[in-house]
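In the working numbering, the protein residues as written are 40 to 327. The beta-carbon is built from N, C-alpha and C at its ideal position, and this holds for glycine as well. What follows is a single structure, written as structure tokens, with notes after it.
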Amino acid sequence: MIKKAVIPAAGYGTRFLPITKALPKELLPIIDHPTIEYIVNEAIESGITDILLIVSSNKNAIIDYFDYNLELETILLSKNKLEEYGIIRNIAQGVNIHYIRQREQLGLGHAVLQAEAFIGNDPFAILLGDDMYVGKDKPAIRQMMDAYNEVHTNVLGTIEVDYKDTYKYGICIPKGKKEGKLTELKGVVEKPKVEDAPSRSAIGGRYVLTPTIFKYLKNQTRGAGNEIQLTDAILRMMDEEKVYSYDIEGKRYDVGNKVDYIEAILDFGLQKPEIKEELQKLINKKSK
Ligand code: G1P
40 MIKKAVIPAA
50 GYGTRFLPIT
60 KALPKELLPI
70 IDHPTIEYIV
80 NEAIESGITD
90 ILLIVSSNKN
100 AIIDYFDYNL
110 ELETILLSKN
120 KLEEYGIIRN
130 IAQGVNIHYI
140 RQREQLGLGH
150 AVLQAEAFIG
160 NDPFAILLGD
170 DMYVGKDKPA
180 IRQMMDAYNE
190 VHTNVLGTIE
200 VDYKDTYKYG
210 ICIPKGKKEG
220 KLTELKGVVE
230 KPKVEDAPSR
240 SAIGGRYVLT
250 PTIFKYLKNQ
260 TRGAGNEIQL
270 TDAILRMMDE
280 EKVYSYDIEG
290 KRYDVGNKVD
300 YIEAILDFGL
310 QKPEIKEELQ
320 KLINKKSK
């Protein structure tokens, strides 16, 4: 049973400077909830009971966000603002959130390595904060946990991207012909040059891995961008364990990309009863 998840949240957020100089990118709001809360909720809705957030020194606001704020709660209660009280009390209910600091930012692989003691001997999920999904029938990571239960080995969540965008992703090399959603892989390559991209099947920020990965992360040398890459350790692990890709069903937003981020705000805004009509009118007016 997969019960633990890791959410790396230690990066600098350089794509969103200057705001990320003072505000962790994970707290950029989709209107009134930060992006990371959607990721945490995806894990909760998928049956995860324990989440390890990998943070860094300037990310204390994330820890505060998931903590109770007793002073604010007392004030809201004294003013009889029960709805607002409920909103802040309900954040991340039903899950234990644990934290560890990555003391130096050496790459995603190095961030995940910080989870070794927390994970122990069970398979676990990884959710990257830049990739937000609105799953089709099930949350993205739940789909992958179900895929894991079929193959009992590592599964990488994948999306199909245009060839011109392959240089931004870890790209999968299928073993045989791709049939169906689950595909055994013979390789993965992190951020290939577009002309070298072996396929359009890109790692979409969701993983279910066995703890074997830690053995490979421990001595993983630097790769693309001079960083210790998770993808490179997964490739080496393929000598020992099978790795599959699973095509995630649903809509993905790359909230590290400004236009995708705005799209997420619009789509989620159009779901909010208190603003959806006015927002729709605004969109119609702007698109004339
Ligand atoms: C990371 C991974 C990459 C994956 C991507 C998905 O890259 O290293 O394999 O495809 O997330 O968003 P990053 O976007 O952090 O550079």
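Annotated three-state conformation of valine 173 is strand, per DSSP.
For the ligand G1P, a non-hydrogen atom lies closer than 7 Å to the CB of glutamate 229.
Cβ atoms of alanine 164 and alanine 44 come within 8 Å of each other, at about 4 Å.
Here the region 52-71 makes contact with the region 101-108; the two share three or more CB pairs at distances below 8 Å. Taking a cut-off of 8 Å for Cβ pairs, the region 191-209 and the region 223-242 touch, as three or more such pairs fall below it. In terms of Cβ geometry, alanine 179 and glycine 168 do not form a close pair [threshold 8 Å]. Ranking Val173, Lys120, Gly262 and Glu123 by CA distance to the CA of threonine 74 puts Val173 first. DSSP places leucine 116 within a helical segment (H, G or I) once states are collapsed to three.
Sequence-distant Cβ neighbours of glutamate 280 in its own chain, meaning closer than 7 Å and more than five residues away, are Thr192, Asn193, Thr249 and Thr251. For the pair of segments examined, the region 254-265 was found not to touch the region 282-296: the number of CB pairs separated by less than 8 Å stays below three. Taking C-alpha positions only, leucine 62 is separated from threonine 88 by approximately 27 Å. Non-local beta-carbon contacts of histidine 149 in its own chain, meaning distances under 6 Å to residues more than five positions away in sequence, involve Ile267 in chain order. Cβ neighbours of arginine 181 within its own chain (closer than 6 Å, five residues either side excluded): Ser85. In the displayed model, phenylalanine 253 falls within a helix according to three-state DSSP.
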